[in-house]
Structure formats: C-alpha cells, structure tokens
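Engineer: Counting in the numbering used here, the sequence shown runs from 1081 upward without gaps.
By construction, the Cβ of each residue, glycine as well, lies at the ideal position given by its N, Cα and C atoms.
I have a structure here, written as structure tokens, and I will follow up with some questions on it.
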Amino acid sequence: MIDALMTSLGEVFSGAHLLYMGFGVLVGLLVGIIPGLGGIAGMALLLPFLYGMSPGLALGMLMGMVAVIPTGDTFTSVLLGIPGSSASQATVMDGFPLAKKGQAARALASAFLSSLCGGVIGAVVLTGFILVARPLVLAFSSAELFVLTLLGLAMVAVLSGESQFKGMAACGLGLLLGAIGTAPATGEFRLNLDVGYLYDGIPLIVVGLAIFALPEIIDLLIQRGSIARERTSLGHGWRQGIRDVVDNRGLVAKCAGMGSLIGTIPGLAGSVVDWLTYAFASRTAKGEKHFGQGDIRGVIAPESANNACACGAMVPTLLFGVPGSGTAAIFLGGLLLLGLEPGVSMISTHLDLTYTIIWSLALANILGAALCLVLARPVAQLTRIPFVLLAPVITTLIMFAAYQATRSLGDWYTLLAVGAVGVLFKRAGWSRPAFLIGFVLAPGAETYFYQSVQFQGMSAFLRPGVLIILGLIALALLFPLGKRLLSRRRPLAVGAGISSPQQTPAAPTFGRVDVLLVVGLLLLAAASWYDISGLSFLGGIFPRLAITIMAVGAALSALEAWRRGARWEAQPLGEPLLWLAGLLGLVVVASLLGFVSAATLMAFVFLRGVAKARWATALAIAAGIAAFLLGMQALLNLHYPSGWLDALIGI
C-alpha cells in the first residue's frame, strides 16, 4: 500500500500529469461559467480525448475538471444571481445580495477558499474510505453488487424532484436505452430496429452531451442576450473574504464533512447537499443572522460542501461501480474507456491509480481555487459576451465530441434524438440525472444479475448483505411517503424563515409536455415489449424490468398529478423544436458538404444572420472553428465526414 501511495504521488507531480490536470481545470472553469452546463456536459466533452491516453494522465485531466466545476460555477451565482449548476443554487441566496451591496469580491474570495478547503477535506475522507472499505469490497459478490446498483437507482428516483414517479420513469428509460444492443448473457440482439449503428448500443458520450448540453444551449439561445445582463463590479473585500473563512473554520470543516458523507450515497446530488448545509448553517449560526440578505456564512457553508461532495461521490463509483452523481456516471464511463473496471481491481491491481485520483482531486482543488482568484476580474467580464457569439463554438465542440464516439453519422442523429428527449425532460421538470445514471448502470446491473443467477442461482439473493441492501432500498422508497405524512402534521421550515425549493415544494404542475412524455413512454413500453417477446429468459429479463419501471413510473406520475390536483402549465415547445430543427439542418449539411466546411460556413451565417455580429467578428470566430477542427484532425489523426466541398478544397 505504501508503494502504491508513493508511486501515485510521483505520478501526480510529474510534468505531464500537471499539464493535463491544468487543461482539465481550464475546461472546468469555462464550463462552470456557462449557467446550466455543469460537470456532466463538461465530462462528456473530455471523453473523446481519452482514447489512447495513459490512464494516469487521463485521470488527471478528468479530476482537474471534476474539482473545479463546483468552484467555477460560483461566478454566475454570485455576480448574476443565476445558479451556475444545480449544485450552486444555495450560494445565490446570500452571494448575490452581497454582490448587490458591492461585496462581490468578499463573497467570491470566501467561496473559492471554502471550496479549496472542502475539496482537500473530501480527498482526505475519500482516502479513509478506501482504507476502511477495502475488506468490505473484497467480500462482495455479484449479488451484492447487483442490489447495490438497485439502491443507487432507488435513491436517484426518490430524490429527483417534486415527483419520484417522474424520476422512476426517467430512470427506466435510461435502463432501457442502456439495454440496446447485445444481451451479455446470451449474445442475442435486441431493440436495435435492424439499424447497424445500434447493434453495439448507444455510446455514453453521445447520451451525456445530448441529455444535458443541448437543452441548456437551446435555453440560452432562446433567452438571447449575454449571460450577464448588466455590467458587473467586484468591488473590494478580497482579504475580508479570506478572514471570513478563517473565522468560520469550524463551519467549513463541518459542512465539508457532511458533504463528503452525503456524497457517498448514490443519488444525493450536489443540490441536496447545498440546501442541507445551508439549512445547517442558518440554524446553528450564532450572533446576528442575515441569511437571505447577504450573510457570508450562507456562502461558506454550501461552497465547503460542494467540492467535498464531488470527492464523496467517487467512493461508490470507484469501489462498487455505482455512480454517486451524474458527473460520477460520466467519470465511470471514462474509467471503462481506459480499460479500468471499478470495484475490487481498483483497490488491488490498480491501487496506485486509485491514489492518483485522490491526489489529483486534492491538488486540482488547490489549483482551481487559485486560478479562480487570479482570473476573477477577466472572467467577470466574459459573462457580458452575448451567448449567441459563443453558441457556434460550443455547438461545434459538441458535434466534434459526439462524432468521436464511433465516428459515424449515427452519432449525430442519435445526439439529436436523445437531445429532443432532454429538451422535453427539461421543459417538464423530469430528472435528467436519473435518466443518465440509469443508462450508465444498465450494462453492469445486467451483468451482475446474470453472474449471480449463473453461479449461485436464486439463493444468491438470500445472502445477508443482499438482504441488508434490499432493506435500505425499501427505506429509500418509503421515505417520501413518510415525509409526506409528517408534512401534513407540521410544516417544514428552515431556520431564520429561509426555505428552499427542496423543503417547501411548489404546487405540482402538469402540462402538454408531461402528457406527451407519459403517452410516449407508455407507447414505447408496449413496442419494446413486443420487440423482445422472442428473446430467451436471460436475454429478455433485464429489458422487461426496465420497461416495467418506465411504464409504471409514467402511469403513476399521471395518476399522482390527477390525484393531487396538479396545476396546468403551458410548457411551450415551439422555439426549442425550431432550434433542434436548425441543428438537424446542420447535420444534413455537414453530411453533404463535409464537417469542416459546414461548421465554418454555418457559424459565419449564424453569426451574421442571427447574432448580427460584425464582419470581422464573424470571420474571426468562423476561422477559429476551422483552425480548431483542422488542428485536431492533424493532431489526433481524425477523419471527419467528408462531403463534396471538403473534398474539393482538399480537407
């Protein structure tokens, strides 16, 4: 163990590792600045670069991004009052009022230093978990791992918004899409619609970008304008912000500890940890309280927990192959791309790489916080750039990343199809993390189930460890019911009269997108059941389970809305569908003209026609896009879709 620890330490401080980690930190900072994108889209953008990389360098790059996104998204939360991601909602409560008082610098300094401390504490806790949990992991069989994946799915469904049934349906759809391709137990093909692209299943990179990045970009395009609507001023108070963290070091340690522990529970995302630690701070704070009006402790508490939670989410991901969050789900896919199997091998054969991950997390938190402090002023001005100027660049990056999955046009069409689902989910408030985690867990869950039945029969599910985990699943599913019964007797409140959306949910809503999703999922369930009707028992059991979860969740979500007297919501779809049609047009043009030519021309046309940019600006951005694509083609020996125009100019 000491040898592995020292080997990983030497790897982390090597020049190449630090270079790739720095690249990951920069990408994470840029992703964090754009509201809504978050770690899932950022991780999906980085996955194509992992092919052929050394595992140590690739993990450094991924950890650099994982560590800095909860720090980078603080910019928009404090300066604009817009949560950079779901994990920075609570920071808005006091960070934005402080900014309006001219104390943005104080709030940012406290947030960055708190994030640094939280990340380091989280890395220490992760190290402890690796040491303590090693005997437990070695004792787990396939049956325990299977029911552990079910626990992760149950937690995600329960904690996925105002309706656990919507989360359940989304999770079921993710499981069903994850089952497309070849059955691991029998080798039978299923749900592929006789489309060659689907014979090997849908790539994780495409799904991650489609379900998260596309809906957020479309929303920002619909809103128009810049990320910031008025000039931002940081003011003074950098030193005061640092002193605030030192004075509240006990709060930092407690919230970081809470974030680390809660992050280890699959499905408890950063937004939950944010509000829990914010409530804890508001209840336990001594002296004069101004929570919701500009209390610095309301910034320190959630920011300390954010980065620690990201570390905690690595525990179930590394030890059991069960992602603790949406970002961890993409990270799990990255491990598989690198040929690393989470579980026993990560604490036996690849223990040095496990410690590399831990050291990288701690170092990246320090580097990310320092970089945020240095770049605070220029980043504040970046938020004033109109998003329509950034849209062609980000769209090109997404198409570039998606095409690297299998390097076929099917990647782009699948990106649009799953992206349409993501848009519908976002419009109706259905859980996209539940969908993604279901998709990621599907292959492993089916393999564990097959191995359990093959080697031990149904008696495998009577093992003590399995029964204990099944009991936890029952508690997770019954928790919302008990909470609802208690809420009828006494209203829940957060200290000082401050409440969060998680604790005082608004009246349930239901709209035409909900109707479309419910009807569509039920029809998909019927068609899928018919498609797998000819499969063997082992080949069809898992898709049938996914179909059942999806159909029951969809039906119960509609029944719940009717029983609770849900308020009808308009849920407009016209503009999102128009932008999706525009992206479809870009894909068609790219397949005819060639990707480089199409991306360059469409960027120029978009910038001149939609963004109303100057000729010089449009030409510069379009040329930059062409240079990036050609540079990556030469560097990575890539082959883009080549149409007649690309062929004509010799690309």
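Indicate, with yes or no, if the ligand NAD has a heavy atom lying under 6 Å from the CB of G1392.
Structural biologist: Within the structure as shown, the ligand NAD is missing, as the structure has no ligands at all.
Engineer: Locate the beta strand (DSSP E) running through W1510, then write down its first and last residues.
Structural biologist: Taken as a continuous stretch (DSSP letters only), W1510 belongs to no beta strand (DSSP E), as it is neither H nor E.
Engineer: Are the Cβ atoms of V1148 and G1524 separated by less than 7 Å?
Structural biologist: Contact flag unset, no.
Engineer: In three-state terms, what does DSSP make of E1526?
Structural biologist: In the structure shown, E1526 sits in a helix (DSSP, three-state: H, G or I).
Engineer: Let's see if you can read the secondary structure: which residues bound the alpha helix (DSSP H) around R1647?
Structural biologist: Run containing R1647: none in the alpha helix (DSSP H); it sits in the beta strand (DSSP E), R1647 to E1649.
Engineer: So is L1489 in contact with chain C if we call contact Cβ pairs under 7 Å?
Structural biologist: Absent here is chain C; the protein component of the structure consists of one chain.
Engineer: Cutting at 7 Å between CB atoms, please list the residues of its own chain near T1436, excluding the five before and the five after it.
Structural biologist: Counting only Cβ-Cβ distances below 7 Å, and skipping sequence neighbours, we find S1088, E1091, V1092, G1136 and L1139.
Engineer: I'd like the span of the alpha helix (DSSP H) that includes T1628, first residue to last.
Structural biologist: It spans F1617 to R1643 - the alpha helix (DSSP H) in which T1628 sits, taken as one unbroken run.
Engineer: Distance check for G1144 and D1153, CA to CA, integer angstroms please.
Structural biologist: When rounded, the distance between both Cα atoms is 15 Å.
Engineer: So the beta strand (DSSP E) F1590 belongs to, where does it begin and stop?
Structural biologist: Its beta strand (DSSP E) spans residues T1589 to G1591.
Engineer: F1269 bridges to which residues according to DSSP?
Structural biologist: In DSSP, F1269 forms a bridge with T1262.
Engineer: Please report the straight-line C-alpha distance between A1365 and G1182, rounded to a whole angstrom.
Structural biologist: Distance between the alpha carbons of A1365 and G1182 is about 24 Å.
Engineer: Which word fits H1430, buried or exposed, when buried means at least 16 other C-beta atoms lie within 10 angstroms of its C-beta?
Structural biologist: Answer is buried; the Cβ neighbour count reaches 16.
Engineer: Out of curiosity, what's the CA-to-CA distance linking Q1713 and V1593?
Structural biologist: Going by the C-alpha atoms only, they are around 40 Å apart.
Engineer: If F1519 sits next to V1200, beta carbons under 8 Å apart, how far is it from one beta carbon to the other, in whole angstroms?
Structural biologist: No, F1519 and V1200 are not in contact; Cβ-Cβ is about 32 Å, not under 8 Å.
Engineer: Determine the burial state of L1658: buried for a count of at least 16 other Cβ atoms within 10 Å of its Cβ, exposed for fewer.
Structural biologist: When all chains shown are included, L1658 counts as exposed.
Engineer: Assuming F1480 and L1709 are in contact, meaning their beta carbons sit under 8 Å apart, how far apart are those beta carbons, in whole angstroms?
Structural biologist: Rounded, the Cβ-Cβ distance is 7 Å, consistent with contact.
Engineer: Buried or exposed for K1246, please, with buried defined as at least 16 other CB atoms from any protein chain shown within 10 angstroms of its CB.
Structural biologist: Burial call: buried.
Engineer: Specify the secondary structure class of P1135 as computed by DSSP and reduced to three states.
Structural biologist: Note: P1135 maps to helix in three-state DSSP.
Engineer: Rank L1477, P1422, V1212 and T1628 by C-alpha distance to the C-alpha of A1707 and give the top, closest one.
Structural biologist: Answer by Cα proximity: L1477.
Engineer: If you draw a straight line from the C-alpha of P1652 to the C-alpha of L1504, how long is it?
Structural biologist: Answer to the nearest angstrom: the Cα atoms are 10 Å apart.
Engineer: In three-state DSSP terms, what is H1097?
Structural biologist: Of the three classes helix, strand and coil, the one that applies to H1097 here is helix, per DSSP.
Engineer: If you drop the 5 nearest sequence neighbours on each side, which residues of the same chain put their C-beta closer than 7 Å to that of L1718?
Structural biologist: Excluding positions up to five away in sequence, the list reads M1712.
Engineer: Which two residues bound the contiguous alpha helix (DSSP H) that contains L1085?
Structural biologist: I1082 to V1092 is the extent of the alpha helix (DSSP H) around L1085.
Engineer: Taking the continuous alpha helix (DSSP H) assigned at Y1435, which residues delimit it?
Structural biologist: L1431 to V1454 is the extent of the alpha helix (DSSP H) around Y1435.
Engineer: Which of the three DSSP states, helix, strand or coil, is assigned to S1753?
Structural biologist: Because the chain in this structure spans residues 1081 to 1731, residue 1753 falls outside the shown range and cannot be described.
Engineer: Taking E1368 as part of the alpha helix (DSSP H), name the residues at either end of that continuous run.
Structural biologist: Careful: E1368 lies outside any alpha helix (DSSP H) and carries neither H nor E.
Engineer: How many angstroms separate the CA atom of A1381 from the CA atom of F1176?
Structural biologist: Using only the alpha carbons, I get a separation of about 15 Å.
Engineer: Does E1224 come out as helix, strand or coil in the three-state DSSP assignment?
Structural biologist: The answer is helix: DSSP assigns E1224 an H, G or I state.
Engineer: Would you check if the distance between the CB atom of F1209 and the CB atom of V1395 is smaller than 7 Å?
Structural biologist: Taking 7 Å as the Cβ cut-off, F1209 and V1395 qualify as a contacting pair.
Engineer: Excluding the five sequence neighbours on either side, which residues of its own chain have a C-beta within less than 6 Å of the C-beta of V1669, listed in chain order?
Structural biologist: For V1669, where only same-chain residues beyond five positions count, the Cβ hits under 6 Å are A1678.
Engineer: On the DSSP letters alone, give me the boundaries of the alpha helix (DSSP H) that M1338 sits inside.
Structural biologist: R1329 to G1343 is the extent of the alpha helix (DSSP H) around M1338.
Engineer: Please state whether the Cβ-Cβ distance between A1290 and L1495 is less than 7 Å.
Structural biologist: In contact: A1290 and L1495 (Cβ atoms closer than 7 Å).
Engineer: Alpha carbon to alpha carbon, how far is L1233 from A1556?
Structural biologist: One C-alpha to the other measures close to 10 Å.
Engineer: Could you tell me the distance, in whole angstroms, from the CA atom of F1037 to the CA atom of G1509?
Structural biologist: Residue 1037 lies beyond the stretch modelled for the chain, which goes from 1081 to 1731, so this question has no answer here.
Engineer: Write down every uninterrupted run of the beta strand (DSSP E) in the stretch 1679–1705 whose length is 3 residues or greater and which is fully enclosed by it, in chain order.
Structural biologist: DSSP runs (the beta strand (DSSP E)) wholly in the stretch 1679–1705: none.
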